[in-house]
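There are 2 protein chains.
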Amino acid sequence: MSLFPESFISPEVATQLAPEYILRSLKASDYHHNVLNVLKDLTTVGDISEAKFIEQCEFMHSRQGEYFMIVIEKISTGNVVAVGTLLVERKFIHECGLVGHIEDIAVAKSEQGKSLGKKIIAALDFIGQKSGCYKNILDCSPYNEQFYVKCGYSNVGFEMTKRF
Amino acid sequence: MSLFPESFISPEVATQLAPEYILRSLKASDYHHNVLNVLKDLTTVGDISEAKFIEQCEFMHSRQGEYFMIVIEKISTGNVVAVGTLLVERKFIHECGLVGHIEDIAVAKSEQGKSLGKKIIAALDFIGQKSGCYKNILDCSPYNEQFYVKCGYSNVGFEMTKRF
């Protein structure tokens with residue numbers, strides 16, 4: 226089961242990828258193909274059972290037009306080597322405008338330095354535009370600012386957090 | 226029609242409000258009670274018909290547990306004088322954790338300086354905790370950083386944007 230239709234996969238980004246990779250939607254079967262380990266390079270993931278993973282995939286699938294989690298798969302292993310999510314928010318401002326929130330970008334350590342992160346961002350920009358978002362936004366540490374500037378993003382303010 | 230159940234309204238914040246105000250969910254009938262004018266103090270809103278407004282309220286209502294748009298109403302006029310939204314995102318990281326995104330905080334110019342913005346944030350923090358979010362996050366201009374620090378938020382990074 227794919228989370229979203231193939232039409233949201235950027236043909237341009239897909240063709241720019243080296244032939245050993247595929248750009249596609251997350252699938253429930255990716256539980257067995259390293260996706261959670263890739264996310265572990267980003268932050269704590271914790272124990273997620275296959276049932277819980279499938280339930281989350283089904284939730285995201287039920288939210289058509291809202292949750293777009295894409296992956297880059299390394300064909301030779303079938304494993305996920307890069308991930309990113311676009312959450313499309315509906316607002317009242319900007320004539321009931323849509324904003325894309327880029328979340329949880331991660332690339333497997335063994336695959337870093339191959340611009341896969343940049344491809345994930347470009348793929349999420351395509352989804353944002355295709356969805357009709359007037360902008361995509363993301364939060365990052367100052368350390369990652371220049372990476373996102375290279376992706377065409379501008380620093381427009383601060384991220385503020387309160388942990389519970 | 227309220228967007229979400231009364232149980233998500235912080236009793237503490239509700240009692241802290243001066244008696245001329247009520248804290249409550251947005252309602253479709255707020256179209257006639259100034260809510261879009263309050264948002265206009267924040268940014269462009271544009272032309273939104275009542276039908277479009279009601280459709281958006283129905284969408285948010287259909288997303289139980291996800292879209293929480295709260296308002297402060299001035300009882301004497303029935304008008305909305307402050308608004309804020311919490312969008313609850315489901316993630317895989319942090320054991321399929323939830324994150325609350327605070328969006329589109331606005332207070333009517335005539336009602337500023339009465340800590341209504343602070344009450345809106347406290348009310349959205351209550352909703353985030355009650356929803357089981359491990360944190361709430363928001364983006365702000367450097368100019369507003371100190372306001373959010375007073376609300377208990379910490380600067381953890383940058384907001385990056387790409388407009389389409």
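Protein chains in written order, with this note's numbering: chain A, 226 to 389; chain B, 226 to 389. Ideal Cβ positions, reconstructed from N, Cα and C, are used throughout, including at glycine.
Query: 7 Å CB neighbourhood of residue 353/B in its chain, flanking five on each side removed; Result: 311, 325 and 361
Query: Residue environment, residue 389/B, which counts as buried when at least 16 other CB atoms sit within 10 Å; Result: exposed
Query: Close beta carbons around residue 251/B, own chain, < 6 Å, minus the five adjacent residues each side; Result: 228, 294 and 296
Query: Listed by chain order, chain A residues near residue 281/B by CB distance under 9 Å; Result: 315, 316, 317 and 321
Query: First and last residue of the uninterrupted beta strand (DSSP E) at residue 311/B; Result: 304-315
Query: Chain A residues whose Cβ lies nearer than 8 Å to that of residue 304/B; Result: By Cβ distance, chain A contributes nothing, its closest Cβ being about 16 Å from residue 304/B, past 8 Å.
Query: Closest by C-alpha distance to residue 327/B, when choosing among 320/B, 319/B and 347/B; Result: 347/B
Query: Alpha-carbon to alpha-carbon, residue 254/B and residue 276/B; Result: 11 Å
Query: Cα-Cα separation, residue 314/A to residue 321/A; Result: 10 Å
Query: Which of helix, strand or coil DSSP assigns to residue 342/A; Result: helix
Query: Residues that residue 367/A contacts on chain D, provided the C-beta gap is smaller than 9 Å; Result: Reference to chain D is not applicable here, since the protein chains of this structure are A and B.
Query: Helix, strand or coil at residue 259/B according to DSSP, with G and I counted as helix; Result: coil
Query: Residue 300/A to residue 258/A span [Cα, whole Å]; Result: 11 Å
Query: CA nearest to the CA of residue 282/A, picked from 260/A, 375/A, 267/A and 366/A; Result: 260/A
Query: Contact with chain B by residue 360/A, beta-carbon distance below 8 Å; Result: yes
Query: Where residue 328/A sits in the DSSP three-state scheme; Result: strand
Query: Chain A within 8 Å of residue 354/B, Cβ atoms only; Result: yes
Query: Residue-level contact to chain B via CB, residue 249/A, 8 Å cutoff; Result: no
Query: Where residue 272/B meets chain A, residues with beta-carbon distance less than 8 Å; Result: 320
Query: Neighbour flag for residue 343/A against chain B, beta carbons, 8 Å; Result: no
Query: Residue closest to residue 349/A, alpha-carbon to alpha-carbon, out of 267/A, 248/A, 226/A and 338/A; Result: 248/A
Query: Reduced DSSP secondary structure (H/G/I, E/B, other) of residue 264/B; Result: helix
Query: Residue burial classification, residue 368/B (beta-carbon count within 10 angstroms, cutoff 16); Result: exposed
Query: Test item: CB-CB of residue 298/B and residue 305/B under 8 Å; Result: yes
Query: Whole-number beta carbon distance between residue 318/B and residue 268/A, since they are thought to touch under 8 Å; Result: 5 Å
Query: Chain B contact for residue 339/A (CB, 8 Å cutoff); Result: no
Query: Straight-line gap, residue 373/B to residue 245/A (C-alpha atoms, nearest Å); Result: 46 Å
Query: Proximity of residue 385/A and residue 365/B at Cβ, strictly below 8 Å; Result: yes
Query: Min CB distance residue 373/B to chain A below 8 Å; Result: yes
Query: Chain B contact for residue 198/A (CB, 8 Å cutoff); Result: The requested residue 198/A does not occur in the structure, where chain A is confined to residues 226 to 389.
Query: Residue 262/B versus 371/B, 330/B and 375/B, residue with shortest Cα-Cα distance; Result: 330/B
Query: Buried/exposed call for residue 290/A, threshold 16 Cβ in 10 Å; Result: exposed
Query: Residue 376/A beta carbon less than 8 Å from that of residue 334/A; Result: no
Query: Under the three-state DSSP convention, the category residue 269/A falls into; Result: coil
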